[in-house]
Amino acid sequence: MNGAQHILDAFHRHNISTVFGYPGGCIMPLYDALVDDVGVEHVLCRHEQACALAADGYARASGQLGVCIATSGPGATNLITGVANAHRDSIPMLVITGQVPSGLIGTDAFQETDVLGMTLGI
4 MNGAQHILDA FHRHNISTVF GYPGGCIMPL YDALVDDVGV EHVLCRHEQA
54 CALAADGYAR ASGQLGVCIA TSGPGATNLI TGVANAHRDS IPMLVITGQV
104 PSGLIGTDAF QETDVLGMTL GI
């Protein structure tokens, strides 16, 4: 079982049936697993910010956890406005982003961004 399959297993255990996302490089293993999974509906958004805002709206309307998915770098940074909005209103949201391989963190690798550092203040 790989990391993507563990994430899908957690979705099933916690009754997460809808996720909002925009695919890209570092998050593709999760998307590959989502293709074969019939228990989780993926809503493809046109922009990562829309993913976060849709997950926020979904959580508000349904009372369920809002989940958004994006790739590393610009994909992750584009989520921030929606994540901050949900946080300020105490809306439950799970945000999953890709990241460069561990050995490349801190090397200015392609699309490397300090996602944790960016979101610490939220």
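In this note's numbering, the protein residues as written are 4 to 125. For each residue, glycine too, the CB sits at the ideal point set by N, CA and C. Quantities reported herein were computed from a predicted structural model and do not represent experimental measurements.
Counting only the same chain and skipping the five closest in sequence on each side, list residues whose C-beta sits under 7 Å from that of residue i.
| i | result |
| --- | --- |
| Ile-19 | Val-43, Leu-68 and Val-70 |
| Asn-81 | His-50, Glu-51, Gln-52 and Ala-73 |
Could you tell me the alpha carbon to alpha carbon distance between residue i and residue j, rounded to whole angstroms?
| i | j | result |
| --- | --- | --- |
| Tyr-61 | Met-96 | 10 Å |
| Ala-87 | Leu-119 | 13 Å |
Using only CA atoms, which one of the options lies nearest to residue i?
| i | options | result |
| --- | --- | --- |
| Asp-12 | Asp-111, Leu-33, Gly-124 and Ser-93 | Leu-33 |
| Thr-84 | Gly-124, His-45 and Gly-66 | Gly-124 |
| Ser-75 | Gly-24, Gly-66 and Asp-59 | Gly-24 |
Quick check on the burial criterion: 16 or more other C-beta atoms within 10 angstroms. Buried or exposed for residue i?
| i | result |
| --- | --- |
| Gly-6 | exposed |
| Val-98 | buried |
| Leu-47 | exposed |
| Asp-59 | buried |
Excluding five sequence neighbours on each side, which residues of the same chain lie with their C-beta closer than 6 Å to the C-beta of residue i?
| i | result |
| --- | --- |
| Thr-122 | none |
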